[in-house]
Structure formats: structure tokens, C-alpha cells
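>
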Amino acid sequence: MRKLSIILATVFIFGMLMSACGKNGNDTGSATSQSSESAKETGKVSEIPIKLWIYPMMNGINGDGTGNPDDWAKEYARKFKEQYPQANISVELLDWAGGTEKIDVGVAAGSPPDLVYTINNFGGVTKYGKMGVLEPIDEFLTQADWDDYSDAVEGAIKYKDQTYMWPWLKMVSAVAVNMDLFKERNATDLLPTSKELRDWSFDEFLKAAQATTFSRSGGNKPDVYGTVVWGKDAPFYMYLNGLTNGGNIVNPAFDQTAITDKAFADGLQFTIDLANKHKVAPPGGAGISAMNAKEMFLNQQIAMMPDAPFLLEEVKKAPKPFEIAFVAPPHGEGQETAAWNNVGGFIVFKQKEEEKKKLVMEFARFITNAENSKIVKQIGTFPARNSSGNLYSDDPVMTYFDALSNYGNSVFSRAFGLVSVGDWEKEIQAILTGGKTVGESLDTLDKLIMEKLQ
Amino acid sequence: MLFSSSEQCPKIWNIDGDNRCYREGEGLVILRIKGYQWVSFIVLSIAALALLFPFYWMVLQSFKPPTSAIQTPPDLSWGGFTLDNFKKLMAGNIWVWTSNSLIVAISGMLGNVILCSMAGYAFAKKEFPGKRILFWAIVSIMMTSTQIIMVPLFMQIRDMGVLNTYWALLLPILVSPLAVFLTKQFMQTIPEDLLEAARMDGCSEWRTYWNIIVPVSMPVLAIVGIFGFITQWNDFLWPLLATESQNMRTLQVGLASMQLQNVDYGLVLAGATWTMAPIVILFVAFQRFFVKGITIGAVKG
Chain H
2 MRKLSIILAT VFIFGMLMSA CGKNGNDTGS ATSQSSESAK ETGKVSEIPI
52 KLWIYPMMNG INGDGTGNPD DWAKEYARKF KEQYPQANIS VELLDWAGGT
102 EKIDVGVAAG SPPDLVYTIN NFGGVTKYGK MGVLEPIDEF LTQADWDDYS
152 DAVEGAIKYK DQTYMWPWLK MVSAVAVNMD LFKERNATDL LPTSKELRDW
202 SFDEFLKAAQ ATTFSRSGGN KPDVYGTVVW GKDAPFYMYL NGLTNGGNIV
252 NPAFDQTAIT DKAFADGLQF TIDLANKHKV APPGGAGISA MNAKEMFLNQ
302 QIAMMPDAPF LLEEVKKAPK PFEIAFVAPP HGEGQETAAW NNVGGFIVFK
352 QKEEEKKKLV MEFARFITNA ENSKIVKQIG TFPARNSSGN LYSDDPVMTY
402 FDALSNYGNS VFSRAFGLVS VGDWEKEIQA ILTGGKTVGE SLDTLDKLIM
452 EKLQ
Chain F
291 MLFSSSEQCP KIWNIDGDNR CYREGEGLVI LRIKGYQWVS FIVLSIAALA
341 LLFPFYWMVL QSFKPPTSAI QTPPDLSWGG FTLDNFKKLM AGNIWVWTSN
391 SLIVAISGML GNVILCSMAG YAFAKKEFPG KRILFWAIVS IMMTSTQIIM
441 VPLFMQIRDM GVLNTYWALL LPILVSPLAV FLTKQFMQTI PEDLLEAARM
491 DGCSEWRTYW NIIVPVSMPV LAIVGIFGFI TQWNDFLWPL LATESQNMRT
541 LQVGLASMQL QNVDYGLVLA GATWTMAPIV ILFVAFQRFF VKGITIGAVK
591 G
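Structure, rendered in C-alpha cells:
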């Protein structure tokens with residue numbers, strides 16, 4: 002017993018000692034305040050601590066994959082400090098699973114970061130803008146900045162009449178097509194690949210999906226489907242046909258819902274019909290996640306699915322790589338195509354000191370300037386600024402996505418942030434399982450969205 | 291060796307209350323399964339295999355190229371093994387994160403065992419004003435969701451100035467209401483006579499606790515320790531909130547931050563296998579305590 006007590010006491014004391022020594026030397030955040038205090042004492046330039054939170058998006062200083070996910074941001078911090086020696090920037094890496102919760106707790110506890118990356122469909126601009134915890138950036142934006150942003154980007158960075166996001170990148174989504182499957186079914190002529198914008202109607206899409214829904218094993222039930230409808234893991238794409246049918250979730254002023262309009266409802270009904278009526282999507286869509294859908298596509302069990310250009314790289318690493326092409330999302334009769342633009346950028350939380358606010362804004366401008374924005378090429382996205390130039394002139398796939406981005410609608414993706422992901426999932430699942438009609442589900446979402454807009 | 295009827299149990303052996311054959315002194319227990327029990331045996335075996343299959347698949351795929359993980363039907367073949375996923379894993383701060391997790395989990399475990407057993411002893415064997423109210427307050431904390439207390443806890447730790455240190459990770463976990471409840475329930479069953487005998491022999495309060503209560507309470511302390519370790523090892527939200535730099539991250543949080551937007555299945559599965567290994571070792575070593583843990587704290591007559 003005595004021996005046991007000595008062992009336990011030793012381990013416990015050791016643990017406590019380790020804890021006492023646990024103030025990490027690399028902790029730039031805490032080092033900031035210490036250095037700031039010591040700077041005051043020595044009469045040197047007082048350092049201004051800035052906290053930048055980012056998500057893991059690319060590895061390495063240049064985003065080329067060699068290094069850590071926060072290297073590029075630390076490099077920007079270093080370069081910025083060369084120009085502004087008083088800036089003491091700490092970079093914290095969030096993760097996609099719990100990052101938003103961490104920001105929420107920081108906001109609720111009154112100690113959010115100074116600057117954080119967010120993306121349109123996370124709804125950060127709307128959520129925090131409504132809470133009044135963000136710094137408007139209008140006074141820091143010049144006319145030259147506004148001229149540099151496309152319409153789709155401008156729509157993404159505002160809440161009501163104020164601008165809150167320093168736009169950095171835009172992601173564009175299209176419909177990925179497994180060309181091998183279309184060739185196998187002699188159905189390549191059903192694709193709009195000969196058109197410049199590769200746009201097509203709902204009917205044409207349905208015919209292509211029907212042609213590529215078949216049983217490879219020769220059984221009665223299909224084991225390859227033309228497309229996929231999913232209800233789990235942020236099924237935002239599933240609502241896209243509402244947009245391409247001429248509807249939208251909210252109005253352009255972002256103060257009224259439009260989700261129950263006939264155009265949007267009919268578009269969503271088309272999505273549901275693909276699975277439930279035409280049977281050109283795998284059964285049990287309510288239980289299928291975005292990840293499952295991608296796995297089926299990479300396994301050549303799905304001929305077409307909506308996705309972003311980085312799917313191309315994943316196809317190259319698929320169990321059996323295949324030829325892939327991208328076409329525009331289908332649209333309703335008489336409508337022009339519409340792509341889903343998702344704009345990512347940096348929001349600045351409320352600052353108490355004017356001097357620090359200016360420095361944080363300057364840092365945000367520095368990261369998102371035309372030159373530094375070019376790094377987003379590493380993740381297959383486009384810089385938010387037109388002056389960054391065409392980064393993909395030698396890449397036909399990305400050139401096509403760039404053209405498609407002109408038809409993007411960022412109001413649509415920003416609106417997803419108004420309602421929790423769980424609610425978007427619940428409603429699409431209810432429709433897919435027959436628990437609700439499209440109209441009933443959209444009515445529910447309409448009420449939820451209105452609560453947020455009021 | 292299985293028996294289908296009691297007649298087949300050799301006469302020189304004994305049959306215990308649970309209808310099991312055993313030979314005195316050898317510690318060998320042989321199941322004797324009746325006809326209908328075969329059905330449950332088969333059903334449970336299938337269920338066990340179904341539960342084990344994902345773990346088998348995870349470990350297998352962690353040693354295969356990432357493309358193998360998304361293959362349909364699943365690639366269950368032996369061969370084509372690679373250490374690439376683990377090499378990628380080791381390229382991160384995995385050792386730092388693992389040692390942080392170990393420090394947190396072991397400290398949490400020891401804190402729970404030592405501090406909660408003291409509290410449990412006081413609640414079980416001592417009388418003091420407000421004892422009932424205090425105990426029910428602790429029990430009510432057990433019913434409060436962790437997420438609810440996250441913001442005030444974060445503010446408290448921040449105001450103490452210990453964010454991003456081991457203190458931030460350890461202070462909230464050193465005492466667990468569940469562990470206090472379990473130890474109190476167990477220690478209530480220790481006969482008063484034992485304590486009185488100790489006192490008559492001149493034991494001080496501390497000596498009574500340390501030399502009498504603790505040895506007798508080893509089963510519940512083992513449970514509290516094991517549960518404490520597992521809870522802290524698997525915790526994600528609090529370490530995410532309480533730490534800022536990569537060098538202070540725990541394994542769960544660090545691994546999550548390695549995931550870029552495109553999921554690297556090989557990395558995910560290697561990370562999951564790496565994370566699971568200590569828990570499996572712990573379970574294999576202390577499985578009899580796990581089973582006991584299910585019944586401790588249950589209603590007693």
C-alpha cells in the first residue's frame with residue numbers, strides 16, 4: 002500500500018509539474034502579451050497582438066502541399082510584419098469539424114479572434130453581422146476595390162447595407178460527368194459538351210440520367226445510376242435546381258424569403274423526382290451523405306454528380322481512374338444556367354482600439370490583395386479579385402469554371418447560413434422519404450429563414 | 291469444450307449456480323450450453339462479428355493505399371500493404387499530440403481516482419451539514435450537458451490566464467461528478483464495523499481512508515480510473531476550445547486539423563487506428579473491470 006501511494010503521489014506530482022511547465026514556448030498568442038509588456042518596459046515600439054484563425058485548406062508556405070496547413074498563413078504574417086513591425090500575429094488552425102463551434106464560444110465569451118476565415122454557406126457574415134459583433138469594412142474599401150470584385154462576390158460580403166467580409170476566393174460548382182460510363186452506354190451525344198457554356202435543360206439532363214441508369218451485372222435492378230440525390234452532410238446542392246429554375250432562397254436585397262415561390266419549388270421537385278419518380282438516382286437518398294455520393298461516383302456507380310473542380314484530382318486517385326468532364330447545372334425551361342458560387346474571405350470582429358482596428362483591416366487587405374490571393378489556385382478556386390488575372394489560362398477545365406462563375410449567385414449560397422445544416426437536411430430527408438411534400442418542407446424552411454431575417 | 295446437457299458434466303467436476311462445469315482448484319471454467327442457448331450463442335457471435343468488422347476494416351485499410359478505402363465492394367484482401375498513411379501521419383505533430391493526450395488522460399485519471407474517492411468517502415461515511423444538498427447538487431451536474439457549461443467554463447479559464455496551457459486542459463477534468471457518485475455508492479456498501487475496528491486500533495482518519503477504504507474500493511477505483519482515461523482521451527470539444535497553438539493540441543484535435551477539404555481516407559484511418567490503440571490495450575488489460583463498471587452504482591437492496 003505504501004508503495005502504491007508513493008507511486009501515485011510521484012506520478013501526480015510529475016503531472017502537475019508538467020502542467021506548470023506547460024506554458025508553451027511556441028504559443029505566439031500568449032507570447033504577444035508578454036512581449037507587449039516587455040516592450041513597454043524597454044520603451045520600444047509597443048506590439049499589437051492580432052489573432053488570425055484559419056481552417057486547414059492547403060499545406061505549405063506556398064500551398065504546394067509540402068508542409069503544415071498553417072504555414073502559408075504564418076508566412077503572410079511574417080511578410081506583413083516586415084511592413085508593420087508593431088504587428089504581432091498569431092495564427093491558430095481550426096478544423097472543419099469544430100471550427101465554427103470554437104468561434105461561437107469565443108464570440109459568446111467575448112473573446113473572438115480578430116480575424117477569421119469563413120465561407121459563404123457557413124453563414125458567418127449574416128450570423129455575426131446580425132449579432133453586431135463584426136466590424137464593418139466599408140470605410141476601408143475603396144472604389145478600386147469594388148471595381149475589382151465581380152457581382153457574385155459583392156453579393157456575398159454584405160449583411161443588410163454594410164459590408165463585413167474581405168473576399169479572398171470564390172469556388173464554383175458544376176456537374177461532373179463520368180465520360181467512360183456515357184461511352185459505355187453510347188450516350189455521349191446526350192451531353193451538352195458541344196455548347197460553349199455546356200448548358201442544358203432539366204429534360205435533357207433527365208434523358209442523360211436515364212440513359213446511364215442500368216444494371217451492369219445484368220440483374221433486374223440498376224447498379225449504376227445516372228445521378229445521385231443525397232440528404233445528409235449539408236445537402237446544399239440538392240436545392241440548386243430551385244435556383245436554376247429561376248427561383249432563389251431569399252430576394253436580392255436579402256430581407257425577404259423567396260423559397261416558397263413556384264419556380265424554386267418546381268426546381269426542387271425536379272430534384273426529388275429524379276430519385277422518387279424517375280428512379281435515376283440510388284434509392285434511400287435520405288440516408289445518403291455527400292461523402293457516400295462521392296464514393297459512389299469514384300467507384301463508377303454514378304454517372305453525374307454536382308461538385309467542384311477539385312474532384313478532378315480525386316478521380317485521378319480513384320480505384321479505377323476514368324475520364325471526367327464538367328458541364329453546367331441543368332436549368333428549367335426558359336431559364337439560363339446558374340452556378341453555385343461560394344465566396345470565402347475574412348471577417349473582422351469588433352475592435353476596442355482604433356489603432357488595432359486599422360492594423361487588422363490592413364492585414365486583411367494584405368492577405369486578400371491581388372498578388373497574395375493567387376495562392377488560392379492551389380486549392381482549385383479563383384481569387385475574388387479580377388485584378389489577380391486569369392490563373393488558369395493553360396487549363397481548359399478551370400477556364401470553363403471561370404466562365405461558369407459569371408452565372409454564379411452568391412445570394413443563394415449565403416442564404417444557407419441562415420438556417421442550421423440540420424434543418425436543411427431534415428427537410429430534404431422528409432421529402433425524399435415521403436414524410437412531407439416539397440411545399441410543406443419549403444413552408445417550414447420559409448418560417449425558419451424569416452425568423453433569421455427579421 | 292462445450293457440453294449440451296448436465297449429464298455430460300464429468301462427475302468429479304462441480305456445477306456452479308450458473309450451470310457451469312468447473313474443476314476445483316484449476317480455475318478452469320467450461321461452458322455447458324443447453325439446446326436453446328445455442329441459438330443465443332450463434333446470434334451473439336454474429337452480432338460480435340458485425341461489431342468487430344468495422345474495426346477490422348479500419349485497421350486493414352490504414353495499411354493500404356487511400357483508394358482502397360473507397361472501393362466497392364470493400365477490399366478485404368490481405369496484401370498490397372503500405373506504411374504511407376502512417377508516414378504521412380508521423381509527418382505532423384503526432385508525437386506531441388499523443389504525449390499531450392497521455393498527459394491529459396493520465397492526469398485526469400489520477401485526479402478522478404484520488405480526489406473523487408476522497409469526496410465519495412466523505413459522502414458515504416461522514417456526516418456534515420448540507421451533505422444531502424451537496425450530493426444532489428453533484429448528481430444534478432451529471433445531468434447537465436457539457437455544451438451548456440462550455441462558455442462559462444471557457445470564460446473562467448480565460449480569466450485565470452491559463453488558456454493554451456496544460457492547466458486549461460486539466461483543471462476542468464480533475465474531478466468528475468460521475469466518479470464521485472460511483473465511489474460514494476460503492477463505499478456505502480463497506481461495513482461500518484470495518485471502520486470502527488480500524489479506529490479502535492488507533493487509525494487516524496487519513497490512515498483509515500488510505501489503508502482500509504482504498505484497498506477495499508479498488509474495483510470501483512479501477513472503473514473510475516479507466517472511465518476517466520477513456521473520457522479524456524476521446525474528448526474533442528474542450529481541448530479544441532482551451533488550446534490555441536498546435537503544440538498544445540491533443541491527439542483528437544490535432545488529427546482533425548490535419549484534414550484538408552478533400553478527405554484523405556488513408557490518413558483518417560491511420561489516425562483512427564493510432565488513436566484507438568491505447569484504448570484497446572486498456573480494454574484488454576482491464577476488461578473485467580469494465581464489466582463490473584456496468585453494475586456498480588446500480589440499485590442495491
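Chains H and F supply the protein sequences, listed in that same order.
Mapping of the first sequence onto this note's numbering: position 254 corresponds to residue 255, and the numbering continues sequentially without gaps.
Mapping of the second sequence onto this note's numbering: position 168 corresponds to residue 458, and the numbering continues sequentially without gaps.
By construction, the Cβ of each residue, glycine as well, lies at the ideal position given by its N, Cα and C atoms.
These numbers come from a predicted model, not from an experiment.
Is the beta carbon of H:F413 closer than 9 Å to that of H:A339?
The count along the first sequence starts at 1 and reaches residue 339 of chain H at position 338. The count along the first sequence starts at 1 and reaches residue 413 of chain H at position 412. In contact: H:A339 and H:F413 (Cβ atoms closer than 9 Å).
> So which residues of chain H does F:V441 contact, with C-beta pairs closer than 8 Å?
Taking the second sequence and counting its residues from 1, the one referred to as residue 441 of chain F is at position 151. Simply V106, A109 and A110.
> When the Cα atoms are used, what is the spatial distance from F:V452 to F:N390?
Here residue 452 of chain F is taken as the residue at index 162 of the second sequence, counted from 1. Here residue 390 of chain F is taken as the residue at index 100 of the second sequence, counted from 1. One C-alpha to the other measures close to 16 Å.
> I want to see whether chain H comes within less than 9 Å of F:L530, judged by CB atoms only; does it?
Stepping through the second sequence from its first residue, residue 530 of chain F is reached at position 240. Taking Cβ atoms only, chain H reaches closer than 9 Å to F:L530, which makes this a yes.
> Mark H:E324 as exposed unless 16 or more other C-beta atoms lie within 10 angstroms of its C-beta, in which case mark it buried.
Within the first sequence, numbered from 1, the residue matching residue 324 of chain H stands at position 323. Exposed: under 16 other Cβ atoms inside 10 Å.
> List the residues that DSSP assigns as beta-bridge partners of H:G345.
If you number the first sequence from 1, residue 345 of chain H lands on position 344. DSSP, once it has assigned bridges, lists H:I120 and H:L170 as partnering H:G345.
> Rounded to a whole number of angstroms, what is the C-alpha to C-alpha distance between H:K222 and H:N187?
Counting from 1 along the first sequence, the entry for residue 222 of chain H is found at position 221. Counting from 1 along the first sequence, the entry for residue 187 of chain H is found at position 186. Answer to the nearest angstrom: the Cα atoms are 20 Å apart.
> Between H:G26 and F:M477, what straight-line distance do the alpha-carbon atoms span, to the nearest angstrom?
As a position in the first sequence, residue 26 of chain H is number 25, starting the count at 1. As a position in the second sequence, residue 477 of chain F is number 187, starting the count at 1. Annotation note: pLDDT 38 at H:G26 (below 50); position unreliable, coordinate value reported separately. For H:G26 and F:M477, the distance between alpha carbons rounds to 44 Å.
> My output table needs one value for H:K437: the three-state DSSP class, helix, strand or coil.
Counting from 1 along the first sequence, the entry for residue 437 of chain H is found at position 436. Coil at H:K437, not helix or strand.
> Put F:T455 into one of helix, strand or coil per three-state DSSP.
Within the second sequence, the letter at position 165 stands for residue 455 of chain F. In the structure shown, F:T455 sits in coil (DSSP, three-state: anything other than H, G, I, E or B).
> Give the DSSP-derived three-state secondary structure of H:N410 in the structure shown.
Stepping through the first sequence from its first residue, residue 410 of chain H is reached at position 409. If DSSP states are grouped into helix, strand and coil, H:N410 belongs with coil.
> List the whole-angstrom C-beta distance separating H:I450 from H:T258, where the pair is believed to meet the contact cut-off of C-beta under 8 Å.
Numbered from its first residue, the first sequence carries residue 450 of chain H at position 449. Numbered from its first residue, the first sequence carries residue 258 of chain H at position 257. Yes, H:I450 and H:T258 are in contact; Cβ-Cβ is about 5 Å, under 8 Å.
> Pairing CB atoms from the segment 561 to 568 of chain F with CB atoms from the segment 357 to 374 of chain F, are three or more of them under 8 Å?
Judged by Cβ distances under 8 Å, the segment 561 to 568 of chain F makes no contact with the segment 357 to 374 of chain F, as fewer than three pairs qualify.
> Quick one: which chain F residues come within Cβ less than 9 Å of H:A98?
Counting from one through the first sequence, the residue named residue 98 of chain H turns up at place 97. Going along chain F in sequence order, the residues near H:A98 (Cβ under 9 Å) are F526, L530, A546 and Q549.
> Are the CB atoms of H:L269 and H:L116 within a distance shorter than 9 Å?
Start at 1 with the first residue of the first sequence, and residue 116 of chain H comes out as number 115. Start at 1 with the first residue of the first sequence, and residue 269 of chain H comes out as number 268. Not in contact: H:L116 and H:L269 (Cβ atoms no closer than 9 Å).
> How would you list, in chain order, the residues of chain H whose beta-carbon sits under 7 Å from the beta-carbon of F:T357?
In the second sequence, the residue the question calls residue 357 of chain F occupies position 67. Result: K318, A319 and P320.
> With a threshold of 16 other CB atoms inside 10 Å of the CB of H:F364, please say whether the residue is buried or exposed.
The sequence position of residue 364 of chain H within the first sequence is 363, counting from 1. Buried, by the Cβ-count rule.
> At the level of alpha carbons, what is the spacing between H:N410 and F:L472?
Indexing the first sequence from 1 puts residue 410 of chain H at position 409. Indexing the second sequence from 1 puts residue 472 of chain F at position 182. So the two alpha carbons sit approximately 57 Å from each other.
> In three-state terms, what does DSSP make of F:F331?
Indexing the second sequence from 1 puts residue 331 of chain F at position 41. F:F331 falls in the helix class under three-state DSSP.
> Checking contacts by CB at 9 Å: is F:S507 closer than that to chain H?
Within the second sequence, numbered from 1, the residue matching residue 507 of chain F stands at position 217. Chain H, which has no Cβ nearer than 9 Å to the Cβ of F:S507, makes this no.
> Whole alpha helix (DSSP H) runs in the segment 329 to 374 of chain F with 4 or more residues, listed along the chain?
356 to 359, all fully within the segment 329 to 374 of chain F.
> Going straight from the alpha carbon of H:L53 to that of H:L135, what length do you get?
The residue given as residue 53 of chain H occupies position 52 in the first sequence. The residue given as residue 135 of chain H occupies position 134 in the first sequence. Going from the Cα of H:L53 to the Cα of H:L135 covers about 14 Å.
> Going along the chain, which residues of the segment 173 to 185 of chain H sit with their C-beta nearer than 7 Å to a C-beta in chain F?
Result list empty, no residue passes.
> Can you name, in chain order, every residue of its own chain whose Cβ lies under 8 Å from the Cβ of H:V126, other than the five neighbours on each side?
The sequence position of residue 126 of chain H within the first sequence is 125, counting from 1. Once the five neighbours on either side are set aside, the close Cβ partners of H:V126 are T119, L135, A157, I158, K159, Y160, Y165, M166, I348, R415 and G418.
> What would DSSP say about H:Q144, mapped onto helix, strand or coil?
In the first sequence, the residue the question calls residue 144 of chain H occupies position 143. Looking at H:Q144 - three-state DSSP - the assignment turns out to be helix.
> Strictly below 9 Å CB to CB, what residues from chain H border F:V543?
Position 253 of the second sequence holds residue 543 of chain F. By Cβ distance, chain H contributes D96 and G99.
> Pull up the distance between the alpha-carbon of H:Q379 and that of H:F255, whole angstroms please.
Residue 379 of chain H sits at position 378 when you count from the first residue of the first sequence. Residue 255 of chain H sits at position 254 when you count from the first residue of the first sequence. About 32 Å.
> So which residues on chain F does H:Q302 lean against when the C-beta distance must stay under 8 Å?
Position 301 of the first sequence, counted from the start, is the residue given in the question as residue 302 of chain H. Ordered by position in chain F, the residues that pass the 8 Å Cβ test against H:Q302 are T362.
> If you measure between the beta carbons of H:T189 and H:A304, is that distance less than 9 Å?
Here the question's residue 189 of chain H lines up with position 188 in the first sequence. Here the question's residue 304 of chain H lines up with position 303 in the first sequence. No, these two residues do not count as a Cβ contact at 9 Å.
> What residue range is occupied by the uninterrupted beta strand (DSSP E) comprising H:V92?
Taking the first sequence and counting its residues from 1, the one referred to as residue 92 of chain H is at position 91. Element bounds for H:V92: A88 to L94.
> Examine chain F for any beta-carbon lying closer than 9 Å to the beta-carbon of H:M399, and answer yes or no.
Within the first sequence, the letter at position 398 stands for residue 399 of chain H. Judged by the 9 Å Cβ criterion, H:M399 is not in contact with chain F.
> Please state whether the Cβ-Cβ distance between F:K421 and F:E482 is less than 9 Å.
Locating residue 421 of chain F in the second sequence gives position 131, counting from the first residue. Locating residue 482 of chain F in the second sequence gives position 192, counting from the first residue. No. Outside cutoff.
> If we define contact as Cβ-Cβ less than 9 Å, is F:Q577 a contact residue for chain H?
What you label residue 577 of chain F is simply residue 287 of the second sequence in a count that begins at 1. Answer no: the Cβ-Cβ gap between F:Q577 and chain H never drops below 9 Å.
> What three-state label does DSSP hand H:R79 in the structure shown?
Walking along the first sequence from the start, residue 79 of chain H turns up at place 78. The answer is helix: DSSP assigns H:R79 an H, G or I state.
> How is F:L424 classed by DSSP in three states: helix, strand or coil?
For the purposes of this step, residue 424 of chain F is identified with residue 134 of the second sequence, where counting begins at 1. Helix at F:L424.
> Considering only the alpha carbon of each residue, which of H:G219, H:V398, H:M362 and H:E356 lies closest to H:V176?
Indexing the first sequence from 1 puts residue 176 of chain H at position 175. Cα-wise, what sits closest to H:V176 is H:V398.
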